[in-house]
Every structure is written in C-alpha cells, then in structure tokens.
Amino acid sequence: MESAESKEGIKQIDSKFKQEIHSKVVRAGKRTYFFDVKSTRNDEYYLTITESKKRYGDNGKFGYEKHKIFLYKEDFEKFIDSLKDVVDYIYEKQPEEIVPEVAEKEVTEEVVEESEPVKDYTSVEFEDI
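The working numbering numbers the first residue of the sequence shown as -14 and each following residue consecutively.
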C-alpha cells in the first residue's frame, strides 16, 4: 500500500517535470511558434518548438493543429548549424525579390459598386455620437 507521502512526492516531481522555465512566442501569419524552455526530472533544460495553426473542421468549429519538436542541449549546436545552412541555401538560391508572397503581402482594397442607391437609412453625423 502506498503512502500519501510518496504520492505527494510523485505529484511534485511530475509538476516540476512539466514546468516551463522560459517562453518566447512568434506570430507569423496564420501560424504561431512557441519556443519553450522546460526542465527534465533531473533539472536538465531542453527546448520545445511548437508550431500551432488554427484549423476549421467540417462541422464549422475550429481547433488547433500542433507540431512539436523536442531539442536537448547536446543537439543544439548541430541543430543550429543545420538550420543556418538550409536558411542560407534558401537565401542564396531564392533571392528576396522572388520570396515576397508572405513577407511583402500587399493589402488590396475591394471596390464595391452599388447598382441602386441605398434607401431607408438614417444619416448620423460625428457630432451626434
């Protein structure tokens, strides 16, 4: 039979294991990236990178689609080097003039022409508000 003391100790360890130490949020269009530093049971830090996208289901309700990467301290250098290499490759092979869709999205105005004049409306002046 387990004592209440040992169960409490397990709860403390589990809550400590899931503790977030530091977080950074990057909003990028329809996506949000979460960079979270967390701690293992042995107090070793690791990084989780989560991509979250809002999705609408067939029933009209929305939810979030998430993809998560866990990075441990011993892999940071290799990960950073590889990330830098592929980002440099993209910039070299596809100069900024060609990449504009996401970075330089222009706002366009839609002009709506009315075929009939609007009837039955009340004129409200700014001073009336």
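Backbone N, C-alpha and C fix where the C-beta goes; we use that ideal spot for every residue, glycine too. All values derive from a computational prediction rather than experimental measurement.
Beta-carbon contacts of residue i that lie in its chain and below 8 Å, excluding the five residues immediately before and after
i	result
F64	L56
Chain C contact for residue i (CB, 8 Å cutoff)
i	result
G48	Of the protein chains in the structure, only one exists, and it is not chain C.
Contact set for residue i: own chain, Cβ-Cβ below 6 Å, skip 5 residues either direction
i	result
T17	S37
Under 8 Å between C-beta atoms of residue i and residue j
i	j	result
T33	K51	no
K39	K9	no
K58	Y76	no
Residues of its chain near residue i, where Cβ-Cβ distance is below 7 Å and the 5 sequence neighbours each way are ignored
i	result
F47	K39, R40, Y41
If we require 3 or more residues per run, which beta strand (DSSP E) segments fall completely within the region 14 to 89? Runs of the beta strand (DSSP E) inside the region 14 to 89: 16 to 24, 30 to 41, 47 to 57.
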